[in-house]
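So that you can map any letter, position 8 of the sequence shown is 8 in the UniProt record's numbering, and since no number is skipped, the others follow by simple counting. All C-beta atoms, glycine included, are put in the ideal place defined by N, C-alpha and C. Working notes, structure below.
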Amino acid sequence: MDEYLLKGFKKICKGWGVDCKMLSPLQLAYVGDAVYELFVRTYLLGTKNISVNELHKEAIEFVKAKAQADIIHNLEDKLTEEEWQMVKRGRNAKSGSAPKNANLLDYKYATGFETLVGFLYLTERYDRILEIFSIIIGEQESK
């Protein structure tokens, strides 16, 4: 993400002012979901010349619980201990709702992935997010 844009976000938000260790895994996942969705949509716009309806269908293939669970399983040996702990916090969080279109285990791992992305974003580890997103894109393009 552009540094100018990030500085603007921080100014508007009065700095992040967020201690990630004090946030629940579901709060981190809430942010991580938005960050990942923005990444996917931006990636698809830059690589596909298709209608918005088709872009939406392609985006779903990236962001559905099964896809995110697969991402975490493929990334497991590439994550640091701290990152894996964030995934586990998200995976083990009690969400209070059942998944509608996914099995429970995929849903839990997807929440773990979103928790990790939210954590990395709020701790300003943008280079690491980009590394992870590059791995995801590499795997997607090799299919």
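Contact between the stretch 96-103 and the stretch 123-143 is absent, with fewer than three C-beta pairs closer than 8 Å. For Leu-23, there is no enclosing alpha helix (DSSP H), as DSSP gives it neither H nor E.
Residue state for Ile-50 is assigned as coil, using DSSP reduced to three classes.
For Asp-70, the enclosing alpha helix (DSSP H) has its first and last residue at 65-75. Rounded to whole angstroms, the Cβ separation of Tyr-109 and Arg-128 is 19 Å, and the two are not in contact under 8 Å.
Going by DSSP, Ser-134 is part of the alpha helix (DSSP H) stretching over 126-141. A Cβ-Cβ distance of about 15 Å is found for the pair Thr-123 and Val-87, leaving them out of contact under the 8 Å criterion. Within a 10 Å sphere around the beta-carbon of Tyr-121 sit 16 or more other beta-carbons, which makes this residue buried.
One alpha carbon belongs to Ala-93, the other to Pro-25, and they sit about 6 Å apart.
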